Amino acid sequence: MMKKITLLLFLAVGSFASAQSLDTLKLDTTNEQRLEELKAKADAEKQQLEAQKEAAKQQEAANEMAKKEMKLKEKQQKEAEKLAKQQQKQAEREQKAKEREQKAAEKAAKEQQKRAEKKQKAQDKLAKAKLKVSKVQAEYDKQDLKIKEQSAKGKLSAEKELKLRTKLLKTKSKLIDAQSKVNDLEIEVQRLN
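Count the sequence shown with mature numbering (1 follows the signal peptide of the UniProt record, and there is no 0) and you get residues -19 to -1, 1 to 174, in order.
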């Protein structure tokens, strides 16, 4: 009887221990599963965080690149505007220089034309003055010859000779004036050359 009780007790203890062991095994499995899930969740969160960091890094790099591109574009635009202004100023300077040259050329042409006209007038006057000298010289030679011829023939009275010589002196004075005018005009023509 005692043996039966001991056996039953032993079986009961064994059964309890077995049940306890199964519960522990169940608990261990559940804990391990939870740990795996937590680990998987942590890994997923870590991956998500890494992905977010990478995305943020890429976004920052993209923003930096966009900033650089914007700055470069602004710099290029400023340089283009500066160059355009310089080109405009250069074009204006060239235009002004061209206008000055044109005015100077027009002025020079007018002055040259005036000078040519003056020279032509002076040459015309000189030609007339030389013609006058020739005429007065011819008149003087004629009068001088007349006096010499009449004096040689003895037909010249003192009164007539005085009259003719006075006339000859006047002609000589005319000749000197005409020659002086020719000299002045020759100097003027020479100056206008």
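We put the beta carbon where it would ideally sit given N, CA and C, even for glycine. The model shown is predicted, which means the values in this text are computed figures rather than measured ones.
Rounded to whole angstroms, the separation of the alpha carbons of Glu31 and Glu45 is 20 Å. One Cα belongs to Glu62, the other to Lys38, and the distance between them is close to 35 Å. Pairing Lys27 with Gln67, the inter-Cα distance amounts to about 58 Å.
According to the DSSP assignment, Lys155 belongs to the alpha helix (DSSP H) that extends over Ala139 to Leu173. Assigned with DSSP and collapsed to three states, Lys111 falls in helix. For the alpha helix (DSSP H) assignment, the stretch 9 to 69 encloses no uninterrupted run of at least 4 residues. Exposure of Ala119 is indicated by the presence of fewer than 16 other C-beta atoms within 10 angstroms of its C-beta.
In the displayed model, Lys136 falls within coil according to three-state DSSP, outside both helix and strand. With a threshold of 16 other beta carbon atoms within 10 Å, Leu156 meets it and is buried.
With 16 or more other Cβ atoms inside 10 Å of its own Cβ, Leu166 counts as buried.
Cβ atoms of Leu145 and Ile128 come within 8 Å of each other, at about 5 Å. Around Ser132, the same chain offers Glu142 as residues with beta carbons nearer than 8 Å, after the five sequence neighbours per side are excluded. By the C-beta density criterion, Ala65 is exposed, having fewer than 16 other C-beta atoms within 10 angstroms.
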